[in-house]
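Residue numbers (full-length UniProt numbering): 1 to 542.
This is the structure we're talking about:
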């Protein structure tokens, strides 16, 4: 039956006292016996070793807040308002930590990631829609990352941007080859890229020596003074949460073995919260350093008129020229290294997320390198075409467009996550506290409103300043308002639709189902049950 199949999936790695009872081949029997012994060893490990076993997913998620589009937004905010908007980054990171923690908890508690839960819950046509939107989110977020990496290659190797785009494809696929050795190795590479970025920007800060008092004031005293401050704050806040990260985080936690007692599940959630918080602190400090570097340079008293013009429209490609003029040639090289680390690491993260989304929504079984190649080709096409046809200026505009698309797509990942986290049909008695849920819904609603305002404001600004004839503007307006109406209908549907598919299986029922299948004798309700362990996401060495 379908329910029994679900229960078997959740309790796939069955064990009891270190002995696996199975009618399968001897090799599989030995493998499961070893896994059972490791589960037993896990339960007697000291807490610090258990914590280290959970370290890794946070880095792969936190790097998403350091992508080239975030860097560009940070630099422009610093150039225009110095340190005034640092508090927006702080608030945004706290909110991001809350949402990403919910995503991680959902994976730990259900043994499924968000895309799989969506596939099981929604009708097929809704799933196809959500899959398309999620894939568009990956592509939209991948465009700035590919172009940022291409700009870095352009600065370091003096090659055209389009050649840098092609080089990015091969470098990403090469690094993703590490995945065959396990997710932990990939997480280590991402962490190395993150600390490379930190070293580069902290090095720039040590040279500039900004006022610590002004930085602290900007971080903890909210202020929106000056023309355009609200728009910059919206752009900063809206760039913090990326839709693909919600799918990715809920999947990454499944690469760890979490025994199935309520106590072990809650402990695993706590470990993931701690490691994610540490990764987010590093990401927050790097974002702050980017804002402070741009703010210190562009608000200096001795800034030349040419550099002041550059600061008024700071982009990924114009920033190294500014740094070279103000701080010397070596600073532009340091910036390029940081940009390369940002683009390359987030491109890897995006590709991994694309794998998770395709597997979850479509349940497609294919080799990782095939899925990587498909994801890369889909994501690389817009960047390559625009960089060849329009050059660097067109590539910069494409980054802005991709940020707008991401703002549009966010509710279609965020709303299912919030509903599943508090659904007894999905997590049973392991629902989040009512306070956490209420705060998450309020902040999420605020973020959706902010992003919608940003989209409408951007469209109105374009409508006022474009040179199209009136009839063309009218047709575009009709199309835009029709899309906005469909958008609101879809958001309302996801928000108020009741969950109908129960995927949570109580521990005693799960153990009984496994026993009936001849996989293990039924265990007591309070014993640790086998982990919802995913070999497709796990470290090959575990």
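For glycine and all other residues, C-beta sits at the position ideal for the given N, C-alpha and C.
Checklist entry - Would you call the segment 457-477 and the segment 425-443 touching, i.e. three or more CB-CB distances under 8 Å? => result Under the 8 Å Cβ criterion, the segment 457-477 does not count as touching the segment 425-443, having fewer than three qualifying pairs.
Item to check | Nearest-angstrom Cβ-Cβ length linking residue 59 and residue 194, presumed shorter than 8 Å | outcome: Along the chain shown, one-based indexing puts residue 59 at 59. Along the chain shown, one-based indexing puts residue 194 at 194. Indeed, because the Cβ distance is near 6 Å, the residues count as touching under 8 Å.
Next on the checklist: Helix, strand or coil, according to DSSP, for residue 567 in the structure here?
Outcome noted: Past the boundaries of the shown model lies residue 567; the chain is included only from 1 to 542, so the question cannot be answered.
Checklist entry - Would a C-beta distance cut-off of 8 Å place residue 312 and residue 323 closer than the cut-off? => result Within the chain shown, residue 312 is the residue found at index 312, counting from 1. Within the chain shown, residue 323 is the residue found at index 323, counting from 1. Not closer than 8 Å, so no.
Next on the checklist: Beta-carbon within less than 8 Å of residue 217's beta-carbon, same chain only, minus the 5 sequence neighbours each way: which residues are those?
Outcome noted: Here the question's residue 217 lines up with position 217 in the chain shown. Non-local C-beta neighbours of residue 217 in its own chain, meaning closer than 8 Å and more than five positions away in sequence, comprise 83, ordered along the chain.
Next on the checklist: Any contact between the segment 228-235 and the segment 452-459? By contact I mean 3 or more CB pairs, one from each, below 8 Å.
Outcome noted: They touch, by the three-pair rule.
Item to check | Alpha carbon of residue 254 to alpha carbon of residue 108, nearest angstrom | outcome: The residue labelled residue 254 in the question sits at position 254 within the chain shown. The residue labelled residue 108 in the question sits at position 108 within the chain shown. Approximately 7 Å, taken between the alpha carbons.
Checklist entry - Helix or strand or just coil, what does DSSP make of residue 82? => result Within the chain shown, the letter at position 82 stands for residue 82. Coil.
Checklist entry - What are the start and end residues of each continuous beta strand (DSSP E) run of 3 or more residues lying completely inside the segment 426-478, in chain order? => result Runs of the beta strand (DSSP E) inside the segment 426-478: none found.
Checklist entry - How close, in whole Å, do the beta carbons of residue 75 and residue 321 come, if the pair is a contact with beta carbons under 8 Å? => result The sequence position of residue 75 within the chain shown is 75, counting from 1. The sequence position of residue 321 within the chain shown is 321, counting from 1. In fact, because the Cβ distance is near 13 Å, the residues do not count as touching under 8 Å.
Item to check | residue 504, DSSP secondary structure in three states | outcome: Against the chain shown, residue 504 aligns to sequence position 504. In this structure, residue 504 counts as coil in the three-state DSSP scheme.
Item to check | residue 364: first and last residue of the uninterrupted alpha helix (DSSP H) it sits in | outcome: By 1-based counting over the chain shown, the position of residue 364 is 364. Here residue 364 belongs to no alpha helix (DSSP H), and DSSP marks it neither H nor E.
Item to check | Continuous alpha helix (DSSP H) assignments of at least 4 residues falling wholly in the segment 242-323 | outcome: Taking only runs of at least 4 residues, the alpha helix (DSSP H) segments lying wholly in the segment 242-323 are 243-252, 262-298 and 305-312.
Item to check | Beta-carbon gap between residue 240 and residue 79 smaller than 8 Å | outcome: Sequence index remark: in the chain shown, residue 240 carries index 240 (1-based). Sequence index remark: in the chain shown, residue 79 carries index 79 (1-based). In this structure, residue 79 does not lie closer than 8 Å to residue 240 by Cβ.
Item to check | Proximity of residue 425 and residue 336 at Cβ, strictly below 8 Å | outcome: Position 425 of the chain shown holds residue 425. Position 336 of the chain shown holds residue 336. No, the Cβ-Cβ distance between residue 425 and residue 336 is not below 8 Å.
Item to check | Collapsed DSSP secondary structure at residue 211 in the structure displayed | outcome: Here residue 211 is taken as the residue at index 211 of the chain shown, counted from 1. Shown here, residue 211 sits in coil according to DSSP, grouped into three states, outside any helix or strand.
Item to check | Reference residue 138; option with closest CA among 98, 408 and 484 | outcome: On the chain shown, position 138 is the one that residue 138 refers to. The shortest Cα separation from residue 138 among 98, 408 and 484 belongs to 408.
Next on the checklist: Quick check: residue 345 and residue 190, are their CB atoms within less than 8 Å of each other?
Outcome noted: In the chain shown, residue 345 corresponds to position 345, counting from 1. In the chain shown, residue 190 corresponds to position 190, counting from 1. Cβ atoms of residue 345 and residue 190: closer than 8 Å.
Item to check | Other residues of its chain near residue 101: CB distance less than 7 Å, five sequence neighbours each side excluded | outcome: Residue mapping note: residue 101 aligns to position 101 of the chain shown, counting from 1. Cβ-Cβ distances below 7 Å link residue 101 to 273 and 276 in the same chain, with the five nearest sequence neighbours on each side left out; the list follows chain order.
Item to check | Coarse secondary structure for residue 47, derived from DSSP in three states | outcome: Residue 47 sits at position 47 when you count from the first residue of the chain shown. The three-state reading of DSSP puts residue 47 in helix, counting H, G and I together.
Checklist entry - For residue 55, does the count of other Cβ atoms within 10 angstroms reach 16, so buried, or fall short, so exposed? => result The residue given as residue 55 occupies position 55 in the chain shown. With 16 or more Cβ atoms within 10 Å of its Cβ, residue 55 is classed as buried.
Item to check | Check whether residue 414 and residue 248 have beta carbons under 8 Å apart | outcome: Here residue 414 refers to the residue found at position 414 of the chain shown. Here residue 248 refers to the residue found at position 248 of the chain shown. At the C-beta level, residue 414 and residue 248 stay beyond 8 Å of one another.
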